[in-house]
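K.L.:
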Ligand code: AMP
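Residue numbers (the numbering used here): 4 to 400.
1. Residue 93 bridges to which residues according to DSSP?
2. Leaving aside the five residues before and after residue 163 along the sequence, list all residues of the same chain whose C-beta is less than 6 Å from its C-beta, in chain order.
3. Taking just the CA atoms, how far does residue 385 sit from residue 159?
4. Where does residue 287 fall in DSSP's three states?
5. Please state the DSSP three-state secondary structure of residue 217.
6. Residue 100: which of 248, 4 and 118 sits nearest, CA to CA?
7. By the 10 Å Cβ neighbour count, where 16 or more other Cβ atoms means buried, how is residue 31 classified, buried or exposed?
8. How many Å lie between residue 113 and residue 353 at the Cα?
9. Given a cut-off of 8 Å on the beta-carbon distance, is the pair residue 195 and residue 216 in contact?
10. Flag residue 221 as yes when its Cβ comes closer than 7 Å to any non-hydrogen atom of the ligand AMP, and as no otherwise.
11. Name, in chain order, the residues that DSSP records as bridge partners for residue 145.
12. Report buried or exposed for residue 175, applying the criterion of at least 16 other Cβ atoms within 10 angstroms of its Cβ.
13. Suppose you measure from the CA of residue 333 to the CA of residue 322; what does that come to, to the nearest Å?
14. In the DSSP assignment, find the unbroken beta strand (DSSP E) run with residue 297 in it and report its ends.
15. So is the beta-carbon of residue 332 under 7 Å away from any non-hydrogen atom of the ligand AMP?
16. Does the stretch 32-42 come within contact of the stretch 74-88, defined as at least 3 CB pairs closer than 8 Å?
17. Is the beta carbon of residue 329 within less than 7 Å of some heavy atom of the ligand AMP?
18. Mapping the DSSP letters down to three states, classify residue 240 as helix, strand or coil.
19. Using 7 Å as the cut-off, classify the Cβ of residue 296 as near or not near the heavy atoms of the ligand AMP, replying yes or no.
20. Residue 269 by DSSP, collapsed to three states: which one?
21. Can you give me the start and stop residues for the beta strand (DSSP E) that residue 398 sits inside?
22. Sort 239, 311 and 61 by Cα distance to residue 346 and report the nearest one.
23. Going straight from the alpha carbon of residue 45 to that of residue 358, what length do you get?
24. Using a Cβ distance threshold of 8 Å, determine whether the stretch 251-270 contacts the stretch 297-317, with at least three qualifying pairs required.
25. Alpha carbon to alpha carbon, what distance is there between residue 179 and residue 398?
26. Quick one: does the C-beta of residue 322 sit closer than 7 Å to a heavy atom of the ligand AMP?
27. Indicate the three-state DSSP secondary structure (helix, strand or coil) for residue 196 in the structure shown.
28. Indicate, with yes or no, if the ligand AMP has a heavy atom lying under 7 Å from the CB of residue 326.
29. DSSP three-state call for residue 370: helix, strand or coil?
30. Just grab the DSSP bridge partners of residue 7 for me.
31. To the nearest angstrom, how far is the alpha carbon of residue 161 from that of residue 189?
32. Does the distance from the C-beta atom of residue 273 to that of residue 280 stay below 8 Å?
33. Between which residues of its own chain and residue 292 is the CB-CB distance below 6 Å, once the five residues before and five after are set aside?
34. Short of 8 Å in beta carbon distance, which residues of its chain neighbour residue 83, apart from the five on each side in sequence? Order them along the chain.
35. So the candidates are 252, 241 and 374; which of them puts its Cα closest to the Cα of residue 201?
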């Protein structure tokens with residue numbers, strides 16, 4: 004049995020199901036540019052309608068800050084949603100009040116409605132009682148399928164889950180199960196790879212991970228801060244010299260916890276931060292004054308791959324280098340491909356997440372092969388930081 008309530012715990016037949024999804028999809032020229040989030044919501048919608056429930060979709064869209072802004076209307080997403088679901092969906096011009104009630108009251112068992120942007124009301128982000136009550140008036144139960152919004156204690160993500168019987172949808176369930184098997188109850192050894200630009204944005208995350216994983220591989224620009232803290236020259240590389248103390252604290256905490264910190268041994272350096280800039284490989288002990296570290300080198304890659312082959316679980320956030328600029332995507336691509344192969348061979352459970360990580364894995368053509376790729380940005384990072392997400396806590400048994 005899962006630690007949280009799921010659709011297996013409720014009979015939805017004939018019920019008005021307020022289903023919180025994340026339809027905050029990227030738009031281009033008035034059309035949905037990437038329908039991933041819509042696709043993730045489909046299994047839950049399908050299941051509830053097939054079981055005879057009435058689905059009432061709730062979502063935020065953009066940042067209208069508590070007022071009606073036409074360009075943030077969810078009506079724009081309706082065609083893509085209808086296309087994906089292959090059915091007609093009713094639309095209500097407001098998510099509360101008479102307009103919403105009229106649409107909801109007209110639903111029959113198995114029907115679907117979409118209500119207007121929850122963030123058109125100030126009560127959404129304030130998690131205000133009167134707004135929660137107004138939302139809840141249109142439902143018998145609440146189902147949350149928006150892990151990516153669960154780090155925010157808003158009315159439609161958290162408040163309402165205390166007002167109505169609340170359950171995790173299938174997408175939320177899959178996400179929580181993947182995350183739990185990666186960090187809460189993992190098969191050991193566990194490796195975490197943390198890359199990306201800066202240590203400053205990931206201090207809490209590193210602090211949490213050293214206490215949980217066996218190997219913490221640090222890559223990307225943030226590795227430079229650790230190398231500099233160890234007294235190495237990093238030339239013109241991206242580096243937060245003022246965080247040397249914080250880096251040393253993390254190294255000390257890791258040693259105490261028995262976590263091995265894995266830093267680059269060699270690096271690909273260039274003089275310019277641009278695609279195809281002339282580059283060469285140096286040991287991290289010999290980075291020149293005008294060098295910029297833009298990726299890890301072949302020895303570092305081989306070292307990480309050898310350790311990974313011993314691991315049963317991998318959690319990954321952040322690239323090893325400036326992956327948007329070839330050839331500085333090589334470290335990220337190589338390790339991603341090895342992780343994907345080990346996963347396909349059944350030797351590794353691999354979970355990755357965060358905006359740039361998803362693009363990096365897509366670029367390496369391996370996202371499909373990972374055990375789970377989370378498209379939640381902030382929520383995934385907060386979960387890696389060890390925080391209890393309010394929208395998840397509200398679904399616990
Ligand atoms: P983050 O959002 O923190 O995961 O950082 C991702 C960004 O880090 C990407 O845009 C990368 O280009 C950048 N990055 C990774 N390694 C380096 C590096 N060595 N120097 C500069 N930027 C880097």
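Backbone N, C-alpha and C fix where the C-beta goes; we use that ideal spot for every residue, glycine too.
P.N.:
Based on what the coordinates show:
1. Paired residues: 116.
2. Once the five neighbours on either side are set aside, the close Cβ partners of residue 163 are 135, 138, 139 and 145.
3. In this model, residue 159 and residue 385 are separated by some 19 Å (Cα to Cα).
4. Under the three-state reduction of DSSP, residue 287 is assigned to coil, being neither helix nor strand.
5. If DSSP states are grouped into helix, strand and coil, residue 217 belongs with coil.
6. If we check each option's Cα against that of residue 100, 118 comes out closest.
7. By the neighbour-count definition (other C-beta atoms within 10 Å, threshold 16), residue 31 is an exposed residue.
8. Each residue's Cα considered, the two are about 36 Å apart.
9. Yes, Cβ-Cβ distance for residue 195 and residue 216 is below 8 Å.
10. Not so, every heavy atom of the ligand AMP lies at least 7 Å from the Cβ.
11. In the DSSP output, where bridge partners are listed per residue, residue 145 has 21 and 169.
12. Taking all protein chains shown into account, residue 175 has 16 or more neighbouring C-beta atoms within 10 Å of its C-beta and is therefore buried.
13. Cα atoms of residue 333 and residue 322: separation of roughly 10 Å, rounded to the nearest angstrom.
14. From DSSP, the beta strand (DSSP E) with residue 297 extends over 295-299.
15. No, Cβ of residue 332 sits at least 7 Å from all heavy atoms of the ligand AMP.
16. Because the criterion of three Cβ pairs below 8 Å is met, the stretch 32-42 and the stretch 74-88 touch.
17. Because no heavy atom of the ligand AMP lies under 7 Å away, the Cβ of residue 329 does not count as near it: no.
18. Assignment of residue 240 by DSSP, reduced to helix, strand and coil, places it in the coil class.
19. Taking 7 Å as the cut-off, the C-beta of residue 296 counts as close to a heavy atom of the ligand AMP.
20. Residue state, collapsed to three classes: strand.
21. Counting along the chain, residue 398 sits inside no beta strand (DSSP E), nor does DSSP assign it H or E at all.
22. The residue with the shortest Cα to Cα distance from residue 346 is 311.
23. Answer to the nearest angstrom: the Cα atoms are 22 Å apart.
24. In short, these stretches touch, since the Cβ pair count reaches three.
25. About 11 Å.
26. Here the distance from the Cβ of residue 322 to the nearest heavy atom of the ligand AMP is below 7 Å.
27. Here residue 196 sits in strand by DSSP.
28. Between the ligand AMP and residue 326, a heavy atom-to-CB distance of less than 7 Å is present.
29. If DSSP states are grouped into helix, strand and coil, residue 370 belongs with coil.
30. Residue pairing by DSSP puts residue 7 in a beta bridge opposite 399.
31. Distance between the alpha carbons of residue 161 and residue 189: 28 Å.
32. Yes.
33. Within the same chain, residue 292 has close Cβ partners 238.
34. Hits under 8 Å: 28, 34, 35, 38 and 41.
35. Among 252, 241 and 374, the Cα nearest to that of residue 201 belongs to 241.
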